[in-house]
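Notes for the one structure printed next.
Protein chains in written order, with the UniProt record's numbering: chain W, 1 to 334; chain H, 1 to 106.
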C-alpha cells in the first residue's frame with residue numbers, strides 16, 4: 001500500500017501543478033493516470049502543438065509545458081502509478097480514503113483530488129443488439145492475451161488503424177479472421193491497409209466491407225454474429241470471439257459512481273475551494289464545472305492553489321495555515 | 001444572415017439564423033442554442049460527441065481534415081454524410097443545409 005497526503009487522479013498539467021501547490025504546504029502527493037506517461041492530453045494528443053495562453057509564456061509547446069511542470073514539482077518528489085485506471089474508493093473509519101486502481105494498487109490518503117480532464121479514455125461501444133450480454137463471453141474491446149485467440153474464429157469490427165493492425169497480427173494465430181468495416185475502403189496506414197486487402201485476396205482472411213454487425217447470438221458464450229450489408233442483405237457468421245475496435249472515447253468511468261454531484265459529465269464544485277459535495281474529495285481542471293467555468297489550463301492552476309489551502313486542514317488538522325509567498329519563503333524541498 | 005436547419009434526436013426541426021462573420025463552429029452554435037450535445041473535448045475532434053449527419057447540403061461544405069476523418073473512421077454509427085460539428089465553421093457554405101444531431105447524449 002502507498003501512503004500519501006493527497007491522491008491526485010489525473011497527471012495532466014493541472015494535476016501536476018497541484019503537486020507544487022501542495023508541496024509549498026508540505027503535503028505529499030501520489031498521482032494516478034490511465035495513460036502510460038504524465039501530461040494528459042498535452043503529451044498524448046498534441047505534444048508539439050503550441051499553447052499561447054499560459055501566463056509568462058508567449059508561446060510554449062504542450063510537451064515543453066509538461067516537462068517544465070515536472071521540473072517545477074521535482075523538489076516535492078511526487079510518486080506515480082501510470083497506466084492504471086482508478087476503479088474504487090473506500091472511506092476509512094478516520095475519514096481518510098483508500099483509492100484502488102485497476103492493477104490493484106491501493107493508495108491511502110487524507111484527501112482525494114480529481115484532476116481527470118476529459119475523463120479516462122475508454123473503448124467506444126457500437127450499438128449491437130446483445131453486445132453487453134456477451135462482454136467477457138466472447139466480446140472484448142481490446143486484445144489483451146492474443147494466445148487466447150489461437151485456433152479460434154475471430155471477428156474484428158472497425159476501420160481504423162487498430163482494426164487493421166490486429167487483423168494482420170491475428171492472421172497467423174487465429175483459425176479464421178474476419179474483418180468487418182462499414183466503409184468501402186480504409187483510410188488508415190496505407191501499408192497495413194494494402195496488406196489486409198492482399199491477405200483477403202489470398203483467401204487468408206475474410207474481408208467484409210460496407211457492412212455492420214447488427215446482432216449477436218449464443219448460449220452463454222458468443223456463437224454467431226448477424227451482419228447487415230449496406231444493400232440490406234443479412235448474413236450470419238459463426239464466431240468464437242468478436243473484437244469491436246472503434247477507438248476511444250472519454251468517460252468519467254467509475255468516478256461517476258462515487259456519489260458526486262455531476263452535470264453533463266462534469267463534477268460540480270464549490271468555487272470557494274473546489275470541493276465536491278463529498279467531504280475530502282476535490283475536483284480541479286477540465287473535469288469540474290461551476291457557474292462561469294472556463295476549461296483553461298490557467299484556470300485549473302488557480303483552482304489547484306485554492307484547493308490546497310482548503311485540503312490542508314485534513315492533512316494537518318491541528319496546525320494553523322499561514323500563507324507565504326515563494327519570493328519571501330523560497331521553495332523547501334522534502 | 002445564414003439560415004440552416006437542425007433536426008434534434010426526436011426528429012423536431014428548427015431553422016437557425018446566424019449572422020455572417022460570426023466565427024463560431026457549428027458545435028458552438030448548437031451549444032449556444034441549448035441543443036443537448038456534450039462536446040466533451042471542446043472542439044479538438046477528439047470525442048465525436050458533436051457528430052452530425054448532413055441530410056442536405058453536404059457537397060457545399062468544405063472537406064474534412066485528417067483529424068476529423070480519423071475520428072469519423074472510428075465511429076461505429078458514422079456514414080458518408082457524417083461530420084463533426086466542431087470542425088465546421090458557420091459561414092455561407094451552410095446556407096440551406098440540414099443537420100441531424102447524432103452524438104451520444106451522455
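Just so it is clear, CB atoms sit at the ideal spot from N, CA and C, and this is done for glycine as well.
It should be emphasised that the depicted structure is a prediction, and the values quoted were computed from it without experimental measurement.
Item                                                                                                                                                                  : Value
Roughly how many whole angstroms lie between the Cα atoms of residue 266/W and residue 11/H?                                                                          : 27 Å
Ignoring anything shorter than 3 residues or poking outside the stretch 163-192 of chain W, list the beta strand (DSSP E) runs there in chain order.                  : 176-180
Any chance the stretch 67-79 of chain H sits against the stretch 176-189 of chain W, with 3 or more Cβ pairs inside 8 Å?                                              : yes
Touch check for the stretch 267-280 of chain W and the stretch 98-116 of chain W: three-plus C-beta pairs under 8 Å?                                                  : yes
Chain W partners of residue 47/H, CB-CB under 8 Å?                                                                                                                    : 118, 249, 250
Just by C-beta distance, which residues in the stretch 286-317 of chain W are closer than 9 Å to chain H?                                                             : 286, 295
Does the beta carbon of residue 336/W sit closer than 9 Å to a beta carbon anywhere in chain H?                                                                       : What the structure shows of chain W is the stretch from 1 to 334, and residue 336/W is not part of that stretch, so it cannot be assessed.
On a Cα-Cα basis, can you pick out the residue from 103/W, 191/W, 96/W that is closest to residue 315/W?                                                              : 96/W
Can you tell me which of the three DSSP states residue 342/W falls into?                                                                                              : It is not possible to answer for residue 342/W, since the shown part of chain W is limited to 1 through 334.
Are the CB atoms of residue 20/W and residue 69/W nearer to each other than 9 Å?                                                                                      : yes
Taking only three categories from DSSP, how would you classify residue 288/W?                                                                                         : strand
Is the beta carbon of residue 55/H closer than 9 Å to that of residue 83/H?                                                                                           : no
Starting from residue 23/W, follow the alpha helix (DSSP H) in both directions and report where the run begins and ends.                                              : 13-24
Relative to the C-alpha of residue 214/W, which candidate in 204/W, 246/W, 1/W, 126/W has its C-alpha closest?                                                        : 126/W
Using CA coordinates, which residue listed in 41/H, 53/H, 71/H is at the minimum distance from residue 100/H?                                                         : 53/H
From which residue to which residue does the alpha helix (DSSP H) around residue 328/W run?                                                                           : 326-329
What is the rounded straight-line gap between the Cα of residue 14/W and the Cα of residue 151/W?                                                                     : 47 Å
Kindly indicate which three-state DSSP category residue 35/H falls into: helix, strand or coil?                                                                       : coil
At least one CB of chain H closer than 9 Å to the CB of residue 157/W: is that the case?                                                                              : yes
Whole angstroms are fine: how far does the CA of residue 171/W sit from the CA of residue 204/W?                                                                      : 7 Å
Checking contacts by CB at 9 Å: is residue 265/W closer than that to chain H?                                                                                         : yes
In angstroms, rounded to a whole number, what distance separates the CA positions of residue 216/W and residue 103/H?                                                 : 24 Å
Look up residue 83/H in the DSSP assignment and give the residues it is bridged to.                                                                                   : 52/H
Which residues, taken in chain order from the stretch 124-138 of chain W, show a beta carbon closer than 7 Å to some beta carbon of chain H?                          : 124, 126, 127
Of the residues 59/W, 65/W, 58/W, 25/W, which one's Cα is nearest the Cα of residue 40/W?                                                                             : 65/W
Mind the definition here: the stretch 75-90 of chain W touches the stretch 27-44 of chain W only if three or more C-beta pairs lie below 8 Å; say whether that holds. : yes
Which value, in whole angstroms, describes the spacing of the CA atoms of residue 191/W and residue 197/W?                                                            : 10 Å
Tell me the start and end of each unbroken beta strand (DSSP E) in the stretch 63-130 of chain W that is at least 3 residues and wholly inside, in chain order.       : 79-82, 86-91, 97-101, 106-109, 111-114, 120-123
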